[in-house]
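For the sequence shown, our numbering gives the first residue as 21, with consecutive numbering after it.
First up is the structure itself, then whatever we jot down about it.
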Amino acid sequence: MEKDVYILAIESSCDETAAAVVKNGREICSNIIYSQIALHTEYGGVVPEIASRKHIEKINQVIEQALSEAHMELKEMDAIAVTYGPGLVGALLVGVSAAKAISFASGIPLIGVHHIEGHISANYIENKDLEPPFVCLVVSGGHSHLVLVKGYGEYEILGRTRDDAAGEAFDKVARAIGLGYPGGPKIDKISKEGNPDAIHFPRAKVAEAEYDFSFSGLKSAVLNYLNSCEMRGETINRADVAASFQKAVIDVLVEHSMHAVKSYGFTKFAIAGGVASNSSLRAAFEKACEKENVEFYHPSPIFCTDNAAMIGTAGYYEYRKGIRHGFDLNAVPNLKLGER
Ligand code: KG4
Ligand code: ZN
Numbered sequence: 021m022e023k024d025v026y027i028l029a030i031e032s033s034c035d036e037t038a039a040a041v042v043k044n045g046r047e048i049c050s051n052i053i054y055s056q057i058a059l060h061t062e063y064g065g066v067v068p069e070i071a072s073r074k075h076i077e078k079i080n081q082v083i084e085q086a087l088s089e090a091h092m093e094l095k096e097m098d099a100i101a102v103t104y105g106p107g108l109v110g111a112l113l114v115g116v117s118a119a120k121a122i123s124f125a126s127g128i129p130l131i132g133v134h135h136i137e138g139h140i141s142a143n144y145i146e147n148k149d150l151e152p153p154f155v156c157l158v159v160s161g162g163h164s165h166l167v168l169v170k171g172y173g174e175y176e177i178l179g180r181t182r183d184d185a186a187g188e189a190f191d192k193v194a195r196a197i198g199l200g201y202p203g204g205p206k207i208d209k210i211s212k213e214g215n216p217d218a219i220h221f222p223r224a225k226v227a228e229a230e231y232d233f234s235f236s237g238l239k240s241a242v243l244n245y246l247n248s249c250e251m252r253g254e255t256i257n258r259a260d261v262a263a264s265f266q267k268a269v270i271d272v273l274v275e276h277s278m279h280a281v282k283s284y285g286f287t288k289f290a291i292a293g294g295v296a297s298n299s300s301l302r303a304a305f306e307k308a309c310e311k312e313n314v315e316f317y318h319p320s321p322i323f324c325t326d327n328a329a330m331i332g333t334a335g336y337y338e339y340r341k342g343i344r345h346g347f348d349l350n351a352v353p354n355l356k357l358g359e360r
């Protein structure tokens with residue numbers, strides 16, 4: 021029998037300070053997330069300087085907690101996996117420095133993990149049967165990528181956003197209709213009381229890039245709609261605006277994704293990232309995949325938003341490939357998927 025592999029994983033790319041212990045890639049022994057959302061809410065978005073300071077304050081505590089909840093000691097770990105990009109440079113540096121220090125002091129190998137690779141790998145945690153190849157739509161606060169997952173750690177990006185990420189659009193529209201930060205979950209909730217066909221917002225296509233996304237035009241259309249209502253003295257039905265905006269985003273995501281799945285002849289499709297926890301988005305993909313006879317995979321909401329368990333899962337497959345990083349590992353804020 022093969023020896024069990026335990027990975028201590030660390031994530032600090034944005035506003036969650038997180039650590040986890042992952043066994044053999046798919047078994048989560050612990051998953052500690054300290055969310056800073058409450059701290060950033062009064063500023064209407066993530067303040068990088070505050071995020072870095074809070075990461076420094078919390079990082080050792082979440083790492084210790086991850087080990088103690090897993091009932092394990094550091095010396096039992098086979099590798100330390102850490103997100104080294106993309107993300108906020110000051111935030112990333114905290115996790116990377118902590119991982120390097122622990123690795124240096126203990127002699128346990130270090131593995132740098134791409135944050136998006138982590139999001140994609142979150143699908144492996146609860147779907148034990150899922151293996152590449154599949155198509156994955158990654159939709160978070162910072163990214164909107166349509167990716168062909170050809171193998172573990174082997175990716176081809178089919179499309180990406182030309183401007184705002186999907187989550188960013190949710191956050192901006194939520195702010196415009198006075199829902200506050202973070203907007204995604206609030207739009208998700210209020211949309212249930214609204215009519216998604218009340219207002220027709222544009223579904224943007226990018227010329228000559230059939231898989232790319234663009235959400236800034238949609239955001240402007242919502243702002244224009246709100247302004248014109250205000251000028252006419254009309255009251256705004258926030259639930260209708262939210263539901264109609266949400267439908268416009270989902271329609272484009274579903275159309276592009278299904279087009280990719282069919283064109284490339286894949287039978288499996290997965291979603292990942294914070295926006296993947298949106299209930300209407302899940303329902304829309306459930307329906308579209310059923311229609312196309314495609315197997316649909318998605319992580320639970322706790323594994324959609326930033327966490328370290330997904331970094332441990334991605335790190336495990338890197339470990340299996342023999343990938344190790346030296347102490348020159350640095351934070352790379354704009355790290356590209358597939359780069360090392
Ligand atoms: O993956 P994530 O935690 O962080 C990044 O890597 O960016 O994603 C955070 C984003 C935020 O924009 C948030 O508004 C959005 O995910 N989000 C949602 C929902 N939950 C979180 N968007 C739509 N519906 C949701 N239920
Ligand atoms: Zn993320």
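Each residue gets a CB set at the ideal place from its N, CA and C atoms; glycine is no exception.
These numbers come from a predicted model, not from an experiment.
| Asked | Found |
| --- | --- |
| Whole-angstrom C-beta distance between residue 235 and residue 186, which should lie under 8 Å | 6 Å |
| Candidates 239, 223 and 264: closest to residue 217 by CA position | 264 |
| Beta-carbon contacts of residue 198 that lie in its chain and below 8 Å, excluding the five residues immediately before and after | 258 |
| Nonlocal neighbours in the same chain, by C-beta distance under 8 Å from residue 246, ignoring five residues either side | 196, 197, 256 and 261 |
| Neighbourhood of residue 122 by C-beta, 8 Å cutoff - its chain only, sequence neighbours within 5 removed | 28, 83, 94, 100 and 128 |
| The region 145-161 in contact with the region 321-338 per 3-pair CB rule at 8 Å | yes |
| Continuous alpha helix (DSSP H) assignments of at least 4 residues falling wholly in the region 221-293 | 236-251 and 258-283 |
| 9 Å Cβ cutoff, residue 245 in contact with chain C | The displayed structure is made up of one protein chain only, and chain C is not part of it. |
| Other residues of its chain near residue 69: CB distance less than 8 Å, five sequence neighbours each side excluded | 110 |
| Proximity test, residue 213 beta-carbon vs the ligand ATP heavy atom, cut-off 8 Å | In the structure on display, the ligand ATP does not appear, and the ligands it does have are the ligand KG4 and the ligand ZN. |
| Assigned exposure category for residue 81 - 16 Cβ within 10 Å defines buried | exposed |
| Coil, strand or helix - residue 37 by DSSP | strand |
| Spatially closest choice to residue 108 from 194, 353 and 159, by CA coordinates | 353 |
| Run of the beta strand (DSSP E) containing residue 350, from where it starts to where it stops | Careful: residue 350 lies outside any beta strand (DSSP E) and carries neither H nor E. |
| Cβ pair residue 136, residue 158 closer than 9 Å | yes |
| Given 8 Å, three or more beta-carbon pairs between the region 48-62 and the region 340-349 | no |
| Limits of the beta strand (DSSP E) - the one that residue 182 falls within | Here residue 182 belongs to no beta strand (DSSP E), and DSSP marks it neither H nor E. |
| Cβ-based neighbour list, residue 194, same chain, cut-off 6 Å, excluding 5 preceding and 5 following | 203, 206 and 207 |
| Minimum C-alpha distance to residue 221 - residue among 232, 267 and 182 | 267 |
| Classification of residue 24 by the beta-carbon crowding that lies within 10 angstroms, buried from 16 upward | exposed |
| Residue 269 versus 253, 251 and 239, residue with shortest Cα-Cα distance | 239 |
| Opening and closing residue of the beta strand (DSSP E) in which residue 170 lies | 164-171 |
| Those residues which DSSP pairs with residue 100 across a bridge | 28 and 130 |
| Environment of residue 57 [buried if 16+ CB atoms lie within 10 Å] | exposed |
| DSSP-derived helix/strand/coil call for residue 54 | strand |
| N-terminal and C-terminal residue of the alpha helix (DSSP H) that residue 82 is part of | 68-89 |
| Nearest residue (CA-CA) to residue 338, options 21, 89, 36 and 132 | 132 |
| Three-way DSSP call (helix, strand, coil) for residue 199 in this model | coil |
| Endpoints, the alpha helix (DSSP H) within which residue 301 is located | 299-312 |
| Strand pairing of residue 175, partner residues [DSSP] | 169 |
| Short Cβ contact (9 Å threshold) for residue 328 with residue 38 | yes |
| Residues bridged to residue 48 (per DSSP) | 42 |
| Buried or exposed (CB count within 10 angstroms, at least 16 for buried), residue 9 | Here the chain has residues from 21 to 360 only, and residue 9 is not among them. |
| Contact shell at 5 Å, judged by CB to any heavy atom of the ligand ZN, ordered along the chain | 160 and 326 |
| Paired residues, beta bridge with residue 156 - DSSP | 167 and 290 |
| Residue 32 CB to nearest heavy atom of the ligand KG4 below 8 Å | no |
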